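Beneath this line is the structure, given in structure tokens, with notes to follow.
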Amino acid sequence: MNQTERLPLVTDYIDQWAKIQPHALAMVQHEDGREITYKKFRTLMDFFALRLLDLGIQKGDRVATQLVLLPEHMALMYACFKIGAIFAPLDVRLTEDEMVRDINKIEPKAFFFLGNTPVRDFRKVGMAVQKGCPAVKHLVQFTPDPKPGDIIDGAIGISRFMNKPRLILLKLSDMVTGRLQKACQTLNKRTPALIIYTTGTTGEPKPAVLCHENILVQNQILERGIAFKGDRTEFSILVNLPPSHVGCITETLMTTLYMGGKAVLLRIFDTKATLEAIQRHRVKVIGQIPTMFRMLWNFPGYDTYDLSSLECVVYAGSAVDTAFLKKLARMAPKFGTGIGMTENAGFATFTPMGIPLEEMAGQVGRAFPDLAPVTVRKPMNTDGSAGEELADEEIGEICYHSPIVFLGYFNQPGETRKAVSREGILYTGDLGYVKQMSGYKALYLSGRKKFMIKQKGYNVFPGEVEEHIGRMEGVDMAEVIGVKHDLFDEGIMAFVRPSKGSAITAKDVMDHCKSIASYKRPQHVEIWPSDQELPLTRSTKVNKLKLSALAVPIVEKLRKEGGWDAKAN
């Protein structure tokens with residue numbers, strides 16, 4: 012499907028597939044085996060849409076959720092899209108205070124939340140929102156078949172909210188008034204549809220607003236990247252990322268529904284359930300953060316699961332080494348990666364299929380200029396205009412262009428201006444360069460602008476050092492950060508997690524790093540327990556801010572022992 016054939020709204024694809032292939036599966040809930048056809052999903056979407064209109068939810072109103080991945084949750088999302096409401100899924104791990112903070116940033120009219128679960132009593136969140144978020148007028152609690160006292164005061168249970176007689180009455184009324192169709196006819200490709208909060212690795216989360224066009228172009232980019240050649244009804248993908256993340260919503264789930272395929276849903280990520288789901292449902296594609304792949308590979312009995320149905324595996328979110336790619340290659344005949352961010356709805360690039368591992372290592376794919384150009388530029392000028400585009404192999408800031416540039420941070424024009432130039436070019440904060448390959452131009456990632464280390468007058472990209480350490484036999488993963496150093500401005504500290512059974516030492520790592528430039532070598536190596544995860548963000552990326560906090564007492568101890576920068580004082 013080329014750009015001129017693209018339908019304007021994400022919901023248009025649900026309507027389309029419900030007509031063309033009504034009995035094809037749109038999604039399967041792994042935990043209980045529920046199957047939802049495109050016809051059933053469209054019906055559920057429309058019932059939710061009518062119920063939202065009945066509540067008084069209108070175009071531009073926000074609807075927030077704190078729910079796990081469920082067909083009803085996704086139908087609610089598409090219902091918001093269909094009437095022009097802006098859907099905002101929030102992470103189930105947020106505390107009551109964090110929920111109140113983030114909800115007040117967007118002032119939603121309605122909030123949908125879980126009840127008392129074995130993991131956590133989410134009713135406390137509902138009560139906190141009820142007390143601390145005055146904009147919220149409607150609270151809906153996802154507790155099916157509640158007993159007396161299960162639903163908090165002031166909220167309505169989901170069973171009552173989706174009461175069948177009420178829905179039938181609304182449907183009959185809509186057949187006369189055409190209310191739902193009229194609401195949908197006011198929308199266009201640039202209508203705000205989705206708010207996804209940035210994950211906050213470099214500060215407090217910001218609510219990024221995405222429109223229909225942002226999402227659909229990202230879907231096309233990922234569709235091209237995966238390059239699935241079979242019948243669309245045979246396409247299946249496992250969705251096991253949190254619904255508060257573009258990796259779940261716009262990338263895996265919505266790309267699948269855009270393509271007319273089947274999404275296999277996990278309510279929440281679990282290593283064993285992921286492997287079981289691939290095996291049971293014969294999943295063909297899986298996309299994850301590298302950390303999640305490592306968790307699968309390290310899971311006891313991993314080799315006993317039948318993963319032969321996998322045709323393509325996709326990773327994104329952080330750099331990997333050649334050893335990682337070799338493991339990935341054993342999972343499926345096709346594998347790839349790309350780069351993107353919340354503010355462009357997901358992927359902006361993707362690696363060509365079938366290229367050698369050595370060619371793939373270090374790069375993050377090619378852009379698709381007919382869909383959305385990607386450039387490398389000088390910093391944004393002081394007047395807010397975009398910096399000059401750089402020549403091939405010159406390092407600069409990676410920038411995305413319309414139509415994948417988000418609409419802005421909700422009610423934060425100052426923050427939006429920092430990210431988007433006057434010409435509408437999105438500055439990502441990622442540093443990289445373009446290199447001409449055989450038949451295409453590859454984008455290479457040098458590192459995050461905010462995490463670049465300044466040492467001895469040089470710029471050191473953490474990813475380069477991490478990749479070098481990662482080549483060592485016995486290293487599972489490495490993370491590098493800069494820490495204040497009175498002599499070098501910043502010192503380099505490496506956190507290294509050995510592979511299981513490896514006896515690698517800090518000295519081994521330091522010796523290995525003698526083969527790179529002296530200004531890139533770590534001043535200290537901290538060996539991380541092989542059976543423990545490094546601190547992660549909510550999107551399962553390694554949290555460098557937490558590593559920086561952990562580095563403070565380590566440096567204090569080193570100074571007392573005469574190490575680090577003690578000799579500079």
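For the sequence shown, our numbering gives the first residue as 12, with consecutive numbering after it. Glycine included, C-beta positions come from ideal geometry on N, C-alpha and C. This one's a predicted model, so the numbers in the text were calculated from it and none came from an experiment.
Enclosing alpha helix (DSSP H) for residue i [first to last residue]
i    : result
R131 : Unbroken run through R131: none, as it is neither H nor E.
A194 : 190-196
G435 : No alpha helix (DSSP H) contains G435, which DSSP labels as neither H nor E.
A91  : For clarity, residue 91 is Cys in the given sequence; the question names Ala instead. Its alpha helix (DSSP H) spans residues 82-94.
P564 : 555-571
Q290 : 282-292
G474 : 473-481
Top-ranked residue by Cα proximity to residue i, from the options
i    : options                : result
Y89  : M138, L181, I260, L36  : I260
E501 : F462, I527, S432       : F462
S432 : P540, D317, K389       : K389
Q231 : A560, Y24, R278        : Y24
L277 : R305, M85, R377, Q192  : M85
S559 : I409, H496, K525, E400 : H496
L401 : M371, G419, G443       : G443
E405 : S413, Y269, V387       : V387
V536 : P564, M504, V563       : M504
A577 : L498, I480, F472       : L498
V228 : L286, K217, Y269       : Y269
L258 : S449, P100, M173       : It should be noted that the sequence gives Gly, not Leu, for residue 258. For the residues S449, P100, M173, the minimum Cα distance to G258 belongs to P100.
E434 : G398, V445, A453       : G398
R177 : E567, A517, R62, G493  : R62
S170 : H256, F59, A194, D102  : F59
P8   : L437, H292, G485       : In this structure the chain extends from 12 to 580, so residue 8 is not present and cannot be described.
L183 : L418, L249, D57        : D57
Q192 : T22, G137, D281, S247  : T22
A356 : G419, F335, G365       : G419
K531 : I565, K465, I515, D519 : K465
S247 : P254, F472, T266       : T266
R104 : T244, F133, K511, L87  : F133
R17  : N199, G407, E478       : N199
Whole-angstrom distance between residue j and residue i, CA atom to CA atom
i    : j    : result
M488 : V331 : 9 Å
T15  : R235 : Bear in mind that the predicted position of T15 carries a pLDDT of just 48, short of 50, making it unreliable; the figure below should be weighed with that in mind. Spanning the two alpha carbons is a distance of roughly 15 Å.
R377 : T362 : 6 Å
F92  : Y411 : 24 Å
I409 : M391 : 11 Å
M306 : F358 : 23 Å
N554 : G373 : 21 Å
M110 : A219 : 16 Å
N7   : E354 : Past the edges of the chain, shown from 12 to 580, lies residue 7, and the structure says nothing about it.
K557 : I538 : 16 Å
K30  : K50  : 8 Å
G126 : R428 : 39 Å
A96  : Q196 : 13 Å
R32  : L55  : Looking at the sequence provided, one finds Gln at residue 32 rather than Arg. Roughly 16 Å between the two C-alpha positions.
Q27  : R201 : 20 Å
With 16 other Cβ atoms within 10 Å as the buried cut-off, status of residue i
i    : result
N422 : exposed
E572 : exposed
E224 : buried
Q543 : exposed
G67  : exposed
A528 : exposed
T348 : buried
N251 : buried
M38  : buried
P216 : buried
T263 : buried
T213 : For T213, the pLDDT reaches just 47, beneath the cut-off of 50, and the residue's location in the model is therefore unreliable, although a value from the coordinates is still provided. Looking at its Cβ environment, which holds fewer than 16 other Cβ atoms inside 10 Å, T213 is exposed.
K131 : As written in the sequence, residue 131 is Arg, which differs from the Lys given in the question. R131 is exposed by the Cβ-count criterion.
D381 : exposed
Limits of the beta strand (DSSP E) - the one that residue i falls within
i    : result
Q229 : Counting along the chain, Q229 falls outside any beta strand (DSSP E), though it belongs to the alpha helix (DSSP H) covering 223-237.
G458 : 452-459
V494 : 486-496
G502 : 500-509
E46  : 46-48
G347 : 345-348
Q40  : 36-40
I207 : 203-208
T411 : The question names Thr, yet the displayed sequence has Tyr at residue 411. Y411 -> beta strand (DSSP E) spans 407-411.
S247 : 247-250
Report yes or no: do the segment 183-191 and the segment 150-163 share at least 3 C-beta pairs separated by less than 8 Å? Cβ pair count under 8 Å is below three, so no.
Does the segment 275-295 come into contact with the segment 33-49, if we say contact requires no fewer than three beta-carbon pairs (one atom in each stretch) closer than 8 Å? Yes: at least three Cβ pairs fall under 8 Å.
For the 8 Å Cβ check, are there 3 or more pairs between the segment 316-331 and the segment 281-300? Touching, yes.
Using 8 Å as the threshold, is the segment 284-293 in touch with the segment 309-316, meaning 3 or more CB pairs across them? Under the three-pair Cβ rule at 8 Å, the segment 284-293 counts as touching the segment 309-316.
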